[in-house]
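I have placed the structure first, in the form of structure tokens, so that the comments after it can refer back to it.
Numbering (my numbering), first residue to last: 481 to 610.
Here it is as structure tokens:
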């Protein structure tokens with residue numbers, strides 16, 4: 481199961497809107513899924529969320545590294561965190577959404593609207609700037 485906190489702003493009436501609470505629930509639900517023997521994919525760039533997952537779920541329960549993975553959106557600058565996780569034997573994947581121009585373009589526009597910093601991430605990655 482892939483767990484991710486979406487970037488879209490939804491009304492409180494239909495969605496949880498408190499990011500801190502969302503991150504706590506992501507960690508909690510990951511633990512619950514692992515307890516049931518489910519392979520878990522944590523898709524987040526939030527270092528504190530990853531640290532909570534490791535400290536509150538993985539280490540206390542002695543979960544083996546082959547039962548979960550971390551996923552990062554390609555182009556979001558988290559290379560140091562990804563390397564650290566990989567160096568500690570964790571499976572780390574980068575994902576790159578793609579599709580037909582009309583679908584991919586709409587996706588990119590939504591992402592940029594929610595996080596305008598992605599433009600600078602793209603430029604930095606294009607020129608390999610830090």
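For glycine and all other residues, C-beta sits at the position ideal for the given N, C-alpha and C. All values reported here derive from a predicted model rather than from experimental measurement.
query: For the beta strand (DSSP E) containing residue 593, list its first residue and its last residue.; result: Here residue 593 belongs to no beta strand (DSSP E); instead the alpha helix (DSSP H) covers 581-594.
query: Using the Cβ count rule (16 or more neighbours within 10 Å means buried), how would you classify residue 507?; result: buried
query: CB-CB under 8 Å to residue 568, same chain, minus the five flanking residues each way: which ones, in chain order?; result: none
query: Taking the continuous beta strand (DSSP E) assigned at residue 550, which residues delimit it?; result: 548-553
query: When you compare the region 490-498 with the region 526-540, are there three or more beta-carbon pairs, one atom per stretch, that lie closer than 8 Å?; result: no
query: Helix, strand or coil for residue 483? Go by DSSP, reduced to three states.; result: strand
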